[in-house]
Amino acid sequence: MNNLNINQIHQKFLQGKLSALELTRECLKVIEKKNKQINAFLSLNDKAEEQAREIDEIIKKEQRIPGLLAGIPVAVKDNILVKGMPCTAGSLILKNYYPVYEAEVIKKLRQNGAIILGKTNLDEFAMGSSTETSFFGPTKNPYNLQRVPGGSSGGSAAAVSSNMCLVALGSDTGGSVRQPASFCGVVGLKPTYGRISRFGLIAMASSLDQIGVLAKNIQDTALVLRVIEGKDEKDETSLKLDSSTQIPVRAMDLGNLRIALPKEIFSEGLENKVKEKFLGFIEKIEKRGAKVEKVSFPYLEYALSCYYLIMSAEASSNLARYDGIRYGGIGLKKTKNLEQIYLKTRTQGFGDEVKRRIIMGTFVLSRGFQEKYYLKAVRVRNQIKKEFQKTFSKYDFVITPTSPTLPFKIGERISDPLAMYLSDIYTVPANLAGLPALSQPIGFIDKLPVGIQIIGNWLKENLLFSFSQTLENLVLDKTI
Amino acid sequence: MISEEQIKHLAKLAKIELSSKEIKIFQKQLKKVFDYVGQLNSIKIKDKGKLQSICSEFREDEPKQSLRELRNELLKASYYKKGDYFEVPGIFDEN
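Protein chains in written order, with this note's numbering: chain G, 790 to 1269; chain B, 27 to 121.
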């Protein structure tokens, strides 16, 4: 069952060989067995089995699959609002928060019959690259419990990787879907900015945040995107999708492809073993006829700086809403004035990384430094966008390793924020430019998964999937 | 570069209290981060560019669902309420 894709599972549903209830129970069984160790899930949906039964009844009665994700257990990162379940964002400040409305993506999942299995662990407010900053304890990498699963969607990646669910939703502001996907050996997609409504996603940096998909294969990733994408009037940055975005996904001939490989990725920081594995894979692609060319992106080396300035500025402003009065709070006894509620709630309710980023963002936006830092970062961001535009006029895809290193040890980087930030160095450019990007597994080094990142042109996710499907076949050694 | 005094002031603006030990740690960590991002100062960009709007389209400003239906749920989420309202202590000290 763990090797089947969603379409194959639906076939089994129709043939009566498997039911949604059995599948859901199987996932719950794995969660019960492994979650104590891995800590992927923060809460479970107690209606999951009931919802699976309802789907089974429809299938039995009508001999059809009621929805693209009917009966499929889905995990949801705990910064996406699901009605009837707590939404903590991995923070003490939202420990008791129950949302009053539901995220648009969840509404769409439900309309397509998906079973919301539970909510997954994350770095506090999605700020981190290791899922260690969660108030509820770190998530462990299923391949090696001493190592991090990546972050911030580490819970979702670990859940998919350890067969606790079929697919999961995450969010990606600077690599938070792709880097954990790479560390846990699964597929992770960050779509074009605006392809998916952010309504009901707890905001970190609004011009960079995008909901993404984690799955075991490209087919499932594409299917989930199809379900949750589209214009939503409740998110004014969401985009109308025309028919050109809906071309079929199928393995392709690599012979006509031109692929750009940014020269700048070979600067310091890229682990040797990762580099060898990556270049070995590039060679395989070239053997199949694709033309891979080293291209210079002069602004790429500034991307991480640019990202941390813009992200912290937006985050400090977005997190100003946590005042202790709305959204739960930490239940302080009566204080002598309003200021004290703000101070005590935020001081006790936020963890260190969140405080650091709020302070950094406050600095970046303060008088005298705004021009020097924030506006400069915005201009660099525009240049990065232009570089990509130029690149995509000549090339079909840009390819990089997803992360410069293998999954690192728990605790190794937590007290050195800059070292932690550097693990996002290849993933942030796609967020700055709003481009779709995907990480997929290409094998293992020392029993730890390695991923490759493919960045596609704006709104060309389906082309990206077709390419990735071809690479997936290549990794699985199928003939192409 | 960023000083302990500045960290203290920024924390105050952000409504966060930091102990003197935390200020010291944050100063060291943030100094390292700002030293790194300071690389941006070395580049000159002719194209000044503008803050681009990321909104694709605005919707009409028409109320659709009354918050009244959600009032109880919203209030349930707060520790500070009285009847149908949020209740918070005064802005100034009560004496």
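All C-beta atoms, glycine included, are put in the ideal place defined by N, C-alpha and C.
Who are the Cβ neighbours of residue i in its own chain at under 7 Å, not counting the five residues just before and after it?
i: Lys849 (chain G); result: none
i: Ile1269 (chain G); result: Confidence in Ile1269 (chain G) is poor, its pLDDT being 46 and thus under 50, which makes the residue's placement too unreliable to answer from.
i: Asp1185 (chain G); result: Leu1046, Arg1047 and Ile1048
Under 6 Å Cβ to Cβ from residue i, same chain only, skipping five residues before and after it: list those, please.
i: Thr922 (chain G); result: Asp912, Glu913, Gly1140 and Glu1142
i: Asn885 (chain G); result: Gly1117
Under 6 Å: does the beta carbon of residue i sit that close to some heavy atom of the ligand MN?
i: Gln1242 (chain G); result: Here there are no bound small molecules, and the ligand MN is not part of this structure.
Determine, for residue i, whether the minimum Cβ-Cβ distance to residues of chain B falls below 7 Å.
i: Ile904 (chain G); result: no
i: Glu1025 (chain G); result: yes
i: Ile1269 (chain G); result: With a pLDDT of 46 at Ile1269 (chain G), under the threshold of 50, the modelled position of this residue cannot be trusted, and the question is left open.
i: Glu1022 (chain G); result: yes
i: Arg1047 (chain G); result: no
i: Val768 (chain G); result: Nothing about residue 768 (chain G) can be reported from this structure: the residues present for chain G run from 790 to 1269 only.
i: Thr1136 (chain G); result: yes
i: Asn834 (chain G); result: no
i: Tyr1096 (chain G); result: no
i: Arg1202 (chain G); result: no
i: Ile1206 (chain G); result: Per the sequence shown, the amino acid found at residue 1206 (chain G) is Pro instead of Ile. It does: the Cβ of Pro1206 (chain G) has a partner Cβ on chain B nearer than 7 Å.
i: Gly1117 (chain G); result: yes
i: Leu1059 (chain G); result: no
CA-CA distance, residue i and residue j?
i: Gly1118 (chain G); j: Ser1257 (chain G); result: 44 Å
i: Leu881 (chain G); j: Phe924 (chain G); result: 6 Å
i: Ser1085 (chain G); j: Glu31 (chain B); result: 41 Å
i: Thr1151 (chain G); j: Gly940 (chain G); result: 24 Å
i: Val1280 (chain G); j: Thr1026 (chain G); result: As shown, chain G starts at 790 and ends at 1269. That puts residue 1280 (chain G) outside it, with no answer to give.
i: Met27 (chain B); j: Arg1156 (chain G); result: 15 Å
i: Leu1012 (chain G); j: Gly944 (chain G); result: 21 Å
i: Ser68 (chain B); j: Lys1165 (chain G); result: 11 Å
i: Val976 (chain G); j: Val819 (chain G); result: 20 Å
i: Asp845 (chain G); j: Glu821 (chain G); result: 23 Å
i: Leu898 (chain G); j: Glu811 (chain G); result: 20 Å
i: Asp1009 (chain G); j: Ser965 (chain G); result: 19 Å
i: Met1209 (chain G); j: Arg1202 (chain G); result: 6 Å
Is the shortest distance between the beta-carbon of residue i and the beta-carbons of chain G less than 7 Å?
i: Gln53 (chain B); result: no
i: Ser45 (chain B); result: no
i: Gly109 (chain B); result: no
i: Val71 (chain B); result: Looking at the sequence itself, residue 71 (chain B) is Ile, so the reference to Val does not match. For Ile71 (chain B), the answer is yes, since a Cβ of chain G falls inside 7 Å of its Cβ.
i: Lys58 (chain B); result: yes
i: Asp119 (chain B); result: yes
i: Glu31 (chain B); result: no
i: Glu88 (chain B); result: no
i: Ser104 (chain B); result: yes
i: Lys41 (chain B); result: yes
i: Leu101 (chain B); result: no
i: Arg85 (chain B); result: yes
Taking the DSSP output, what are the residues bridged to residue i?
i: Gly907 (chain G); result: G:Leu833 and G:Ala864
i: Asp1009 (chain G); result: DSSP, once it has assigned bridges, lists no residue as partnering Asp1009 (chain G).
i: Tyr111 (chain B); result: B:Lys108
i: Lys977 (chain G); result: In the sequence under discussion, the amino acid at residue 977 (chain G) is Gly, which differs from the Lys named in the question. Answer is G:Leu1003 and G:Ser1228.
i: Gly1117 (chain G); result: B:Ser104
i: Ser68 (chain B); result: In DSSP, Ser68 (chain B) forms no bridge with anything.
i: Val1239 (chain G); result: G:Gly1232
i: Val1084 (chain G); result: G:Pro1051
i: Asp961 (chain G); result: G:Gln999
i: Ile1244 (chain G); result: G:Val1187 and G:Ala1226
To which residues of the same chain is residue i closer than 8 Å at the C-beta, ignoring the five residues directly before and after it?
i: Asn1107 (chain G); result: Ala992, Met993, Ala994 and Ser995
i: Leu1050 (chain G); result: Ile1071, Val1081, Glu1082, Lys1083, Val1084, Val1187, Ile1188 and Thr1189
i: Thr1124 (chain G); result: Ile1130 and Lys1133
Runs of 3 residues minimum, wholly inside the segment 1026–1081 of chain G: which ones carry the beta strand (DSSP E) assignment?
1047–1051
Going residue by residue through the segment 902–958 of chain G, where are the continuous beta strand (DSSP E) segments of at least 3 residues, counting only ones entirely within it?
904–909
Going along the chain, which unbroken runs of the alpha helix (DSSP H) with 4 or more residues stay wholly within the segment 1133–1213 of chain G?
1141–1153, 1165–1183 and 1206–1210
Would you list, in sequence order, the uninterrupted alpha helix (DSSP H) runs of no fewer than 4 residues that lie entirely inside the segment 1087–1114 of chain G?
1092–1107
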